[in-house]
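S.K.:
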Amino acid sequence: TEKLGESAPPSARSASASFSWKLLWQPDIKEKQEVMPAQPSLKRRTTRISELARTSTTAKLHSIKELAKQPEVSGSVVEVTLDLGEATYKTGDTIGVFPSNDSELVDLFGALLNQPLDTTFTLAPCTDSASLELPFACPTTLREVLSNTLDILGKPSRRLVAELAGFCSDAADREALVLLASPAGRAEWEELAQQRRLSLLELFLRFRSLAAVPLATFMELVPQMRLKPRYYTASSSPAVVGGSRVTLTLKVVRDRLLKINDRRSAPLGGVSSTFLASALAGDPVRVFVQPSNFALPPDSQVPVVMVGAGTGLAPFRGFLQERQALADAGCKLGEATLFFGCTRSDTDFICEEELSEYLRTGVLTKLVIAFSREDPQKKVYVQHRIGEHSAAVLSAVHERDGHFYVCGSTAMGRAVKEALVSVLATNLPQAEAAAFVADMVKAGRFVQELWA
4 TEKLGESAPP SARSASASFS WKLLWQPDIK EKQEVMPAQP SLKRRTTRIS ELARTSTTAK
64 LHSIKELAKQ PEVSGSVVEV TLDLGEATYK TGDTIGVFPS NDSELVDLFG ALLNQPLDTT
124 FTLAPCTDSA SLELPFACPT TLREVLSNTL DILGKPSRRL VAELAGFCSD AADREALVLL
184 ASPAGRAEWE ELAQQRRLSL LELFLRFRSL AAVPLATFME LVPQMRLKPR YYTASSSPAV
244 VGGSRVTLTL KVVRDRLLKI NDRRSAPLGG VSSTFLASAL AGDPVRVFVQ PSNFALPPDS
304 QVPVVMVGAG TGLAPFRGFL QERQALADAG CKLGEATLFF GCTRSDTDFI CEEELSEYLR
364 TGVLTKLVIA FSREDPQKKV YVQHRIGEHS AAVLSAVHER DGHFYVCGST AMGRAVKEAL
424 VSVLATNLPQ AEAAAFVADM VKAGRFVQEL WA
């Protein structure tokens, strides 16, 4: 067992003063304090992501429920319920989730690096005069860094790939990486990026001699490729499910295979959705709550128009729960219209029974569905349905100062906004219609939650 002050493994020994960090295996706490007695400049990074991580709370997974009718056809869509503990939220708030990388992929990366995953280490400056910030909390283990800090499935920058190339012990690997990161390799780079085969893990898997990179130097990648939180709009109302419990509605993305060798492959997909969908009841999940402007109007009688596609239904599930709670408390409700888009009624029309019940009780006034793949001859999207129901939309938004909400992809959001302007243009000049929507945005009556 190596102690502080003794020789480190070869990868750590190869780091020289030209690097920022030296890696100390199994540091003794007392000796660590002697080496780094009170260097005020040596502190954990204060980037926004690490700050969010510091202020996050540990929730526990309560349950997971499949929502898709045929997940094997349309893909899995799940409702994830979390117990937040002391954290609280409001309907429509954003829940940030810090995911962990898949344990099998972490084991694979550890093997590729040829380094012990569970041996404790810390980082120290290569020179006593160095003024540095730790890239992550120390002491720690390589497993912790690969699991919760480094985005091993993220795409590195071309500059980073060029820097890594210099550490390859194999000349052919080094030349191939230099070419890939150069202007001459742009075509291959773009092809790999389009095929989503350009992750840090896949580079180390393809160019095995990258394992020669000193581990302390490898740790300097972390600030450039930090595992970022994923954001979800709450799909529940605390008034219904309880103030410390929240549900998230998310699509589980598993869209490619990682070829490990000729006999073995591993499924890859969304880091966060895969992490949440594979968690077990009671498992810890690091989360934080961010306030959102995505909220129902203070006056429950103001009309609302909601537009969502796929998991864009998430915040409106919370809205409808809150409207149900208001109705149960004796409040009068204004009209609520939901435009919802999915591919087919028999595959990914999620929460159909739930929405039908809201229609029955009057919490939801009108439900308009757009099935984009139901008719092979005609693709129908939510923006088309808005045009078909222009009179109702015009009445709610223009005549009765209703609120308009959109949740989904940026492309869908853009098309929906254009559709709303077109609806208003049936009653106003085109320029005035566009200005009316712009005024709605300023007044908080037109609100969008979109993702790329």
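First residue of the sequence shown? That's 4 in our numbering, and the numbers climb one at a time after it.
For glycine and all other residues, C-beta sits at the position ideal for the given N, C-alpha and C.
Identify, in the order they occur along the chain, each residue of the same chain with its Cβ nearer than 6 angstroms to the Cβ of T252, setting aside the five sequence neighbours on each side.
M.R.: Taking the first residue of the sequence shown as position 1, residue 252 is located at position 249. Counting only residues of its own chain and dropping the five nearest sequence neighbours on each side, T252 has a CB closer than 6 angstroms to the CB of E82, S238, T314 and A317.
S.K.: When you compare the segment 100–111 with the segment 145–163, are there three or more beta-carbon pairs, one atom per stretch, that lie closer than 8 angstroms?
M.R.: yes
S.K.: Check whether the Cβ atoms of L126 and L137 sit closer than 8 angstroms, and answer yes or no.
M.R.: Stepping through the sequence shown from its first residue, residue 126 is reached at position 123. Stepping through the sequence shown from its first residue, residue 137 is reached at position 134. Taking 8 angstroms as the Cβ cut-off, L126 and L137 qualify as a contacting pair.
S.K.: According to the neighbour-count rule (16 or more other Cβ atoms, all chains shown, within 10 Å of its Cβ), is N264 buried or exposed?
M.R.: Numbered from 1 along the sequence shown, position 261 holds the residue referred to as residue 264. N264 counts as exposed, since fewer than 16 other beta carbons sit within 10 angstroms of its beta carbon.
S.K.: Taking Cβ positions only, does E193 come closer than 8 angstroms to chain D?
M.R.: In the structure shown, chain D cannot be found, because there is only a single protein chain.
S.K.: Could you work out which residue in V371, Q380, P379 and E89 is closest to Q386 when comparing CA atoms only?
M.R.: Taking the first residue of the sequence shown as 1, we reach residue 386 at position 383. The candidate whose alpha carbon is nearest that of Q386 is V371.
S.K.: What does the alpha-carbon distance come out to for the pair I98 and A394?
M.R.: Locating residue 98 in the sequence shown gives position 95, counting from the first residue. Locating residue 394 in the sequence shown gives position 391, counting from the first residue. Approximately 36 angstroms between the Cα atoms of the pair.
S.K.: Please say whether V366 and A332 have beta carbons closer to each other than 8 angstroms?
M.R.: Counting from 1 along the sequence shown, the entry for residue 332 is found at position 329. Counting from 1 along the sequence shown, the entry for residue 366 is found at position 363. No, the Cβ-Cβ distance between A332 and V366 is not below 8 angstroms.
S.K.: Between the segment 294–312 and the segment 402–420, are three or more C-beta pairs nearer than 8 angstroms?
M.R.: yes
S.K.: Applying the 10 Å Cβ sphere with the 16-neighbour rule, what's the burial state of T364?
M.R.: Residue mapping note: residue 364 aligns to position 361 of the sequence shown, counting from 1. The residue in question, T364, is exposed, as its Cβ has fewer than 16 Cβ neighbours within 10 Å.
S.K.: Report buried or exposed for A187, applying the criterion of at least 16 other Cβ atoms within 10 angstroms of its Cβ.
M.R.: Indexing the sequence shown from 1 puts residue 187 at position 184. Its Cβ having fewer than 16 others within 10 Å, A187 is exposed.
S.K.: Judging by CA-CA distance, which residue of A62, V76 and W24 is the nearest neighbour of S348?
M.R.: In the sequence shown, the residue the question calls residue 348 occupies position 345. When only C-alpha atoms are compared, the closest one is V76.
S.K.: Measuring CA to CA, which of D121, R388, Y92 and S398 is closest to M415?
M.R.: On the sequence shown, position 412 is the one that residue 415 refers to. The shortest Cα separation from M415 among D121, R388, Y92 and S398 belongs to R388.
S.K.: Can you look up S375 in the DSSP assignment and give me helix, strand or coil?
M.R.: On the sequence shown, residue 375 is found 372 positions in, with the first residue counted as 1. Looking at S375 - three-state DSSP - the assignment turns out to be coil, as it is neither helix nor strand.
S.K.: Measure from the alpha carbon of P128 to the alpha carbon of each residue in M222, E325, T236 and A418, then state which is nearest.
M.R.: In the sequence shown, the residue the question calls residue 128 occupies position 125. Comparing Cα-Cα distances from P128 to each of M222, E325, T236 and A418, the minimum goes to M222.
S.K.: Would you grab the beta carbon distance between L195 and L204 for me? Rounded to a whole angstrom, and I think it's under 8 angstroms.
M.R.: Here residue 195 refers to the residue found at position 192 of the sequence shown. Here residue 204 refers to the residue found at position 201 of the sequence shown. Actually they are not in contact, since the Cβ atoms of L195 and L204 sit about 13 angstroms apart, beyond 8 angstroms.
S.K.: In chain order, what are the residue ranges of uninterrupted alpha helix (DSSP H) at least 4 long that sit wholly in the segment 50–114?
M.R.: 51–58 and 74–77
S.K.: Secondary structure at V307, three-state DSSP: helix, strand or coil?
M.R.: Start at 1 with the first residue of the sequence shown, and residue 307 comes out as number 304. Three-state result, V307: strand.
S.K.: Which same chain residues end up closer than 6 angstroms to R448 when comparing Cβ atoms and leaving out the 5 residues on each side of it in sequence?
M.R.: Stepping through the sequence shown from its first residue, residue 448 is reached at position 445. If you ignore the 5 residues before and after R448, its C-beta comes within less than 6 angstroms of the C-beta of H406, all in its own chain and listed in chain order.
S.K.: Identify, in the order they occur along the chain, each residue of the same chain with its Cβ nearer than 8 angstroms to the Cβ of K231, setting aside the five sequence neighbours on each side.
M.R.: For the purposes of this step, residue 231 is taken as residue 228 along the sequence shown, with counting starting at 1. So the qualifying residues of the chain are I52 and D154.
S.K.: Measuring straight from C-alpha to C-alpha, what distance separates Q118 and L218?
M.R.: Sequence index remark: in the sequence shown, residue 118 carries index 115 (1-based). Sequence index remark: in the sequence shown, residue 218 carries index 215 (1-based). Those two C-alpha atoms are separated by around 8 angstroms.
S.K.: Using the DSSP secondary-structure output, state which residues sit across from G411 in a beta bridge.
M.R.: The count along the sequence shown starts at 1 and reaches residue 411 at position 408. G411 is bridged to L453.
S.K.: In whole angstroms, what separates the C-alpha of F101 from that of L260?
M.R.: Translated into positions along the sequence shown, residue 101 becomes position 98. Translated into positions along the sequence shown, residue 260 becomes position 257. Those two C-alpha atoms are separated by around 23 angstroms.
S.K.: Specify the secondary structure class of R47 as computed by DSSP and reduced to three states.
M.R.: Looking up residue 47 in the sequence shown gives position 44. Summary for R47: the model assigns pLDDT 30, below 50, so the residue's position carries little reliability, and this model does not support an answer.
S.K.: At the level of alpha carbons, what is the spacing between F124 and K158?
M.R.: Within the sequence shown, residue 124 is the residue found at index 121, counting from 1. Within the sequence shown, residue 158 is the residue found at index 155, counting from 1. Rounded to the nearest angstrom, the two C-alpha atoms are 26 angstroms apart.
S.K.: Quick one: what's got a C-beta closer than 6 angstroms to N104's C-beta in the same chain, skipping five residues either side?
M.R.: Position 101 of the sequence shown, counting from 1, holds the residue named residue 104. Its chain contains S150 and I155 as the residues whose beta carbon lies nearer than 6 angstroms to that of N104, once the 5 sequence neighbours on both sides are disregarded; these appear in chain order.
S.K.: Select from R233, A190 and G311 the residue whose C-alpha is nearest the C-alpha of Q451.
M.R.: Reading the sequence shown from its first residue, position 448 is the one you call residue 451. Nearest option by C-alpha distance: G311.
S.K.: Using a Cβ-Cβ cutoff of less than 6 angstroms, which residues in the same chain neighbour G273 once the five nearest sequence positions on both sides are dropped?
M.R.: Taking the first residue of the sequence shown as position 1, residue 273 is located at position 270. Only residues of its own chain outside the window of five on either side were considered, and among them V256 have a CB closer than 6 angstroms to the CB of G273, listed in chain order.
S.K.: Alpha carbon to alpha carbon, how far is V244 from S375?
M.R.: On the sequence shown, residue 244 is found 241 positions in, with the first residue counted as 1. On the sequence shown, residue 375 is found 372 positions in, with the first residue counted as 1. Using only the alpha carbons, I get a separation of about 32 angstroms.
S.K.: Restricting to Cα atoms, I'd like to know which of T94, A214 and W24 is closest to F322.
M.R.: Taking the first residue of the sequence shown as 1, we reach residue 322 at position 319. Closest by alpha carbon: T94.
S.K.: Measuring alpha carbon to alpha carbon, tell me which residue in F139, A215 and R320 is nearest E166.
M.R.: Within the sequence shown, numbered from 1, the residue matching residue 166 stands at position 163. Here the closest residue by C-alpha is A215.
S.K.: Of the residues K72, R209, S247 and L183, which one's Cα is nearest the Cα of E356?
M.R.: Locating residue 356 in the sequence shown gives position 353, where the first residue counts as 1. The residue with the shortest Cα to Cα distance from E356 is K72.
S.K.: Tell me whether P241 is buried or exposed, calling it buried when 16 or more other Cβ atoms sit within 10 Å of its Cβ.
M.R.: On the sequence shown, position 238 is the one that residue 241 refers to. P241 comes out buried.
S.K.: For the candidate residues L431, V426, S275 and K262, whose alpha-carbon lies nearest to that of R289?
M.R.: Your numbering for residue 289 matches position 286 in the sequence shown. Answer by Cα proximity: S275.
S.K.: Please give the ranges of any alpha helix (DSSP H) in the segment 181–220, keeping only runs that are unbroken, at least 4 residues long and fully inside the region.
M.R.: 189–197 and 203–209
S.K.: Does the distance from the CB of T91 to the CB of S66 come in under 8 angstroms?
M.R.: Looking up residue 91 in the sequence shown gives position 88. Looking up residue 66 in the sequence shown gives position 63. Against a cut-off of 8 angstroms, the Cβ pair of S66 and T91 comes out as no contact.
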